[in-house]
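To start, the structure under review is shown below, and the notes come after it.
Number of protein chains: 2
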Amino acid sequence: MVTYMEKVIEFMHRFLEDESEFTDEELDLYKIALTHSTYGSQGNQRLAFLGDAVLKQIIREHLYLKNPYDCKGILTMASSRIESNNNYSKIAINLNVFNYMRVGNPALKSHNITANAEALEALFGAVYLTKGLQTAKRLAEKYILNNNL
Amino acid sequence: MVTYMEKVIEFMHRFLEDESEFTDEELDLYKIALTHSTYGSQGNQRLAFLGDAVLKQIIREHLYLKNPYDCKGILTMASSRIESNNNYSKIAINLNVFNYMRVGNPALKSHNITANAEALEALFGAVYLTKGLQTAKRLAEKYILNNNL
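Line by line, the protein sequences are chains A and B. Just so you know, we're using UniProt numbering here: the first sequence kicks off at 1 and counts up by one. Just so you know, we're using UniProt numbering here: the second sequence kicks off at 1 and counts up by one.
The following block contains the structure:
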């Protein structure tokens, strides 16, 4: 029988592309990132609040540097499309995130847009706090930017 | 007669609390950060696009870490208040930013909220690109967070 912690470790090894051992603090944050707000307490909501901004900064820096002649309006349109819940949700569904989440409401569907988008944001919040901005950038390049530009 | 570049250097030395010499690349970015969109080309708009997100991440990380028991709703309200154009504009006016700006439209008032807020964002975009996230954090602590929490 696979424990929930083993599922979290399996997912995070794949997501981070890093098979090294995690500290207890790292695992606690990853578990929270994969916990829906219906499970109890507030789940991944605080981490999603942080990760939303981490992703916004990474995406905007990427667009700013890659498109030196685009005006603010064009850059804003591009970033809004990439940062949308719809887009984040598609990426989370591709990563099969929901299958690794703790969810309190059994009626919540595995393709729920908000739950998937918030989990992706929360994962980036947790990665930023545990591994730093450079790792968050590398993963954003891989999962978000290369698929959208 | 003080040249415009000397004014930019004077402002940036004070803003960064750093009297060291700037590279040409740094000075170019600082000049753009202090250029209103009415002056020609698009002025500081692209840097404001970036700096807006840099500040959002710094503010959210600060709120997340300092308030471990606040829910997402409370954190979001706090960050929205700090990130508002009104607040950024007040901070820019306190720093007398407008006096160091190149502005094309002579009717633009020195207390214009959008012009001041965007200049502050653009300055943080330029600081992030030239000095890195840690310096941007230190300056945000000084000018934005300590005045608002």
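Note that beta-carbon positions come from the ideal geometry of N, C-alpha and C, so glycine has one too. Just so we're clear, the structure is a prediction, and the values are computed from it rather than from any experiment.
Item: Chain B contact for residue 60/A (CB, 9 Å cutoff); Value: yes
Item: Helix, strand or coil at residue 3/B according to DSSP, with G and I counted as helix; Value: coil
Item: For residue 113/B and residue 85/B, the rounded distance between their alpha carbons; Value: 7 Å
Item: Residue 133/B beta carbon less than 9 Å from that of residue 47/B; Value: no
Item: C-beta neighbour in chain A for residue 103/B, strict 9 Å; Value: no
Item: Which listed residue (8/A, 25/A and 28/A) has its alpha carbon closest to that of residue 19/A; Value: 8/A
Item: Neighbour-count burial assignment, residue 33/B, 16 or more Cβ in a 10 Å radius; Value: buried
Item: Coil, strand or helix - residue 35/B by DSSP; Value: strand
Item: Stretch pair the region 67-80 of chain A + the region 36-45 of chain B: three plus CB contacts closer than 8 Å; Value: yes
Item: C-alpha distance - residue 146/A paired with residue 59/A, whole-angstrom precision; Value: 11 Å
Item: Per-residue contacts from residue 72/A into chain B (C-beta, under 8 Å); Value: 42, 45, 46, 48 and 49
Item: From 106/A, 116/A, 127/A and 5/A, residue whose alpha carbon lies closest to that of residue 87/A; Value: 116/A
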